[in-house]
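Heads up: the structure comes next, in structure tokens.
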Amino acid sequence: MHGKSENRDDYQHVPRPLAAMARDLPDGHHIPPHRHRRAQLIYGTSGAITVVTDRGTWVVPATRGVWVPAGVVHAMTCTGPVRMRTLYIEPGAAPGLPDTPTVVAVPPLLRELVDAATRIPLDYRVDGRDGRLVDLLLLELAPQPVPALHLPVPTDPALESLCTAVRAAPGTRWTTTTAAAHAHLSPRSLQRRFPAATGMTLTHWVQQARLVHAVTLLAADTPVTTVATALGYATPSAFTAMFHRALGVPPSSWFAEAPESVPRRST
57 MHGKSENRDD YQHVPRPLAA MARDLPDGHH IPPHRHRRAQ LIYGTSGAIT
107 VVTDRGTWVV PATRGVWVPA GVVHAMTCTG PVRMRTLYIE PGAAPGLPDT
157 PTVVAVPPLL RELVDAATRI PLDYRVDGRD GRLVDLLLLE LAPQPVPALH
207 LPVPTDPALE SLCTAVRAAP GTRWTTTTAA AHAHLSPRSL QRRFPAATGM
257 TLTHWVQQAR LVHAVTLLAA DTPVTTVATA LGYATPSAFT AMFHRALGVP
307 PSSWFAEAPE SVPRRST
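According to our numbering, the sequence shown is numbered sequentially starting from 57.
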């Protein structure tokens, strides 16, 4: 788009600290696991994006982005049509950003700067307007972590199999007993090993899995009533209450809420 390449490899070795690419991707578009020599901000102005690394899964609506440090293997899937605007940043050009994948807020100014950066040439003049635009963008690209739909992935094969089963059937009532039976563990062993492997209790992880599934359905304009039923809730109000407790906003506001106004929730 904008007369520029849509091949990510063309953005890794340009003689500038930042290169920005715009791509419009269809619903369901999947980018298999890969890595870059540059760090990346993955951001879409529509729909939702799911980013998967060996450290977990992150789901973000259009008001948020995912920061992926250089060299981290990641895959991406679109829910709904996604107008992706991505930055490739030379290691060291934004030293204040974290060295682990992080969900970050994309306030209005940063959003406009990212969009403007996709329209400038890869070999922009460093001492001209475009160079100043990039300098301001890098200043605005400060760490602003926001509440995230994050699913850590355990490396233990038995727990990984359990988590895969939960993701496949998030509406199932996953008690400690049923989950332990699926993992071929005793309930006591599961209660000890699961938090050690994921940093979450089983109950919290199952709720996060339901939220991830809910957001992907909502991004596809699925009615809240249908989402609630798919996740095993007796009423839409019960689902909405859970969503609001976990993320600070009701489902109807998740895609429209300004990220800086979403309260943090301790877990």
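Every residue, glycine too, gets a C-beta built ideally from N, C-alpha and C. Quantities reported herein were computed from a predicted structural model and do not represent experimental measurements.
Worksheet item: Assuming Met132 and Ile105 make a contact with CB atoms under 8 Å, what is their CB distance in whole Å?
Response: 6 Å
Worksheet entry | Supposed close pair Trp114, Leu205 - CB separation, criterion 8 Å | 7 Å
Practice prompt. Confirm, please, whether the CB-CB distance from Arg141 to Asp171 is below 7 Å.
Written response: yes
Practice prompt. For Trp230, name the three-state secondary structure that DSSP assigns.
Written response: coil
Worksheet item: For Tyr67, does the count of other Cβ atoms within 10 angstroms reach 16, so buried, or fall short, so exposed?
Response: buried
Fill in: Leu195 (DSSP reduced to helix, strand or coil)
helix
Worksheet item: Is Val160 buried or exposed, if buried means 16 or more other CB atoms sit within 10 Å of its CB?
Response: buried
Discussion item. Could you compute how far the alpha carbon of Thr285 sits from the alpha carbon of Ala253?
Written reply: 30 Å
Fill in: Touch test, the stretch 80-91 against the stretch 141-152, Cβ-Cβ under 8 Å, three pairs minimum
no
Discussion item. Looking only at its chain, what residues have a beta carbon closer than 6 Å to the beta carbon of Leu81, apart from the 5 residues adjacent to it on each side?
Written reply: Cys134, Val138 and Met140
Fill in: Distance between Ala239 and Ser308 (C-alpha atoms, nearest Å)
36 Å
Worksheet item: Under the three-state reduction of DSSP, which class applies to Asp66: helix, strand or coil?
Response: helix
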